[in-house]
Amino acid sequence: MRDEGLRDELIRETLEKWGVALTGEAAEKLELFRAELLEKNSRFNLVSQSDTGNLWPRHILDALAGVPLLARLLKPGGTVADAGAGAGFPGIPLAVALETLSFDLWDSSLKRQMFLTWTASRLKLKNVRALHLRIGQNGPLETGKYGAVVERAMGKLENILPQCLNMLDAGGVFLAWQSAAQAAEDRPALREAMAKARTELAETAAYRLPGEKEDRQILVFKKLE
1409 MRDEGLRDEL
1419 IRETLEKWGV
1429 ALTGEAAEKL
1439 ELFRAELLEK
1449 NSRFNLVSQS
1459 DTGNLWPRHI
1469 LDALAGVPLL
1479 ARLLKPGGTV
1489 ADAGAGAGFP
1499 GIPLAVALET
1509 LSFDLWDSSL
1519 KRQMFLTWTA
1529 SRLKLKNVRA
1539 LHLRIGQNGP
1549 LETGKYGAVV
1559 ERAMGKLENI
1569 LPQCLNMLDA
1579 GGVFLAWQSA
1589 AQAAEDRPAL
1599 REAMAKARTE
1609 LAETAAYRLP
1619 GEKEDRQILV
1629 FKKLE
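In terms of our numbering, the sequence shown opens at residue 1409 and continues consecutively.
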């Protein structure tokens, strides 16, 4: 699929189907984000070369699939952590679309944190901070702090589930982007991790990107009382 951004009718139709209405300013910021990422990719090693021609359909649009969920689950002023922001997905597109929420973008790479800090400044995102931190290694700094934690492409979900849940405040939610629509009950390792972490799968949001034949999912976890 050719990357034409919001000029692509399929991308516009997909956003409309999801109920994601971008303002003109938000659309401009996302296009600028794409341009900055392409310009600095070789220096910061942000995405694979095979992805540089598909940033909108494969990454930006995929991140925006979480907008309706966060808009419904959090009140204005809510706090969100991107547990491993990488090149800024899903955190940057979410922050652009959801200006009433505050986002902390965590990443263990100083280079990527520098890119994220530059990008937040370049896009004038006052609701974004980029932190050079690895989850699970910061004690009280990350415990019970956020209304929501999001993650995309951080590895096996069962391995990061406990750390992400630990970052949530009372009543908080953890949103995990999954590329394959495999039910949680069909994943023994994930079921075991959920039991140990005392969490439940509260919601599964299925969606499909243009040109793909299979659904993706965002899994929404909540801690058990």
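From the three backbone atoms N, C-alpha and C, an ideal C-beta is built for every residue, glycine too.
### Message
Considering only their Cβ atoms, is the gap separating V1428 from V1488 smaller than 8 Å?
### Response
Cβ atoms of V1488 and V1428: not closer than 8 Å.
### Query
Which class does S1587 belong to by DSSP, given the choice of helix, strand or coil?
Three-state DSSP puts S1587 in coil, outside helix and strand.
### Query
Going straight from the alpha carbon of M1562 to that of R1520, what length do you get?
The C-alpha of M1562 lies about 14 Å from the C-alpha of R1520.
#### Entry: Sheet register partners of D1490 (DSSP bridge)
D1490 is bridged by DSSP to L1513, V1558.
### Whole-angstrom C-beta distance between A1471 and R1426, which should lie under 8 Å
In the sequence under discussion, the amino acid at residue 1426 is Trp, which differs from the Arg named in the question. Between W1426 and A1471 a beta carbon distance of about 12 Å is seen, past the 8 Å cut, so the two are scored as non-contacting.
### Message
So, under 8 Å CB-CB, D1515 and A1493 are touching, yes? Tell me the CB distance rounded to an integer number of Å.
### Response
5 Å between Cβ atoms; contact.
### Query
Quick one: is P1498 buried, meaning 16 or more other Cβ sit within 10 Å of its Cβ, or exposed?
A buried status is given to P1498, since no fewer than 16 other beta-carbon atoms sit within 10 Å of its beta-carbon.
### Message
For L1609, report the span of its beta strand (DSSP E) as first-last.
### Response
Element bounds for L1609: 1607 to 1615.
### Task
For Q1625, count neighbouring C-beta atoms within 10 Å of its own C-beta (all shown protein chains included) and say buried if the count is 16 or more, exposed if not.
It is buried - the Cβ of Q1625 has at least 16 other Cβ atoms within 10 Å.
### Query
Who does I1626 pair with in a DSSP beta bridge?
Answer is W1585, A1613, bridged to I1626.
#### Entry: Closest residue to K1604 among W1464, T1527, L1573, E1421 (Cα-Cα distance)
It is L1573 whose Cα lies nearest to the Cα of K1604.
### Query
Looking at the structure shown, is V1536 part of a helix, part of a strand, or coil, going by DSSP?
Shown here, V1536 sits in a strand according to DSSP, grouped into three states.
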